[in-house]
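Asker: Okay, handing you the structure first.
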Amino acid sequence: VKALICWGMATDLYREQLRAAWGCEPYQFAATTEAGIFAVQVPGGSGLTFLPTPNFLEFLPEDRAG
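Counting the sequence shown from 1 gives a position; the numbering used here is that position plus 60.
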């Protein structure tokens with residue numbers, strides 16, 4: 061396994077057990093049904109990195125939405 065992709069906030073709670081069971085670092089994604097994936101954990105980074113491109117419309121002010 062080269063990457064273990066985990067969905068949900070419980071990843072931090074089980075990070076050590078996941079690493080021990082799968083032999084690799086679990087990467088966390090944050091997503092919703094409406095927006096899809098809006099943040100990912102990058103290797104060597106701390107926390108999640110926001111992905112603005114696929115979610116641009118989610119953050120447009122209502123007066124600019126078309």
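In this text, a Cβ means the ideal position worked out from N, Cα and C, and glycines have one as well.
Could you name the residues that DSSP lists as bridge partners for residue 86?
Answerer: Looking at the DSSP assignment, residue 86 forms a beta bridge with 64.
Asker: What is the C-beta distance between residue 102 and residue 113, in whole angstroms, given that I count them as a contact (C-beta under 8 Å)?
Answerer: Their Cβ separation, rounded to whole angstroms, is 15 Å, which puts residue 102 and residue 113 out of contact at 8 Å.
Asker: Does the distance from the CB of residue 78 to the CB of residue 86 come in under 7 Å?
Answerer: A contact, by the Cβ cut-off of 7 Å.
Asker: As a quick exercise: from 81, 70 and 123, pick the residue whose alpha carbon is nearest that of residue 63.
Answerer: The shortest Cα separation from residue 63 among 81, 70 and 123 belongs to 81.
Asker: Determine, using beta carbons only, whether residue 89 and residue 67 come nearer to each other than 7 Å.
Answerer: Yes, Cβ-Cβ distance for residue 89 and residue 67 is below 7 Å.
Asker: Just reading off the beta strand (DSSP E) that residue 104 is part of, what are its end residues?
Answerer: Counting along the chain, residue 104 falls outside any beta strand (DSSP E), and DSSP gives it neither H nor E.
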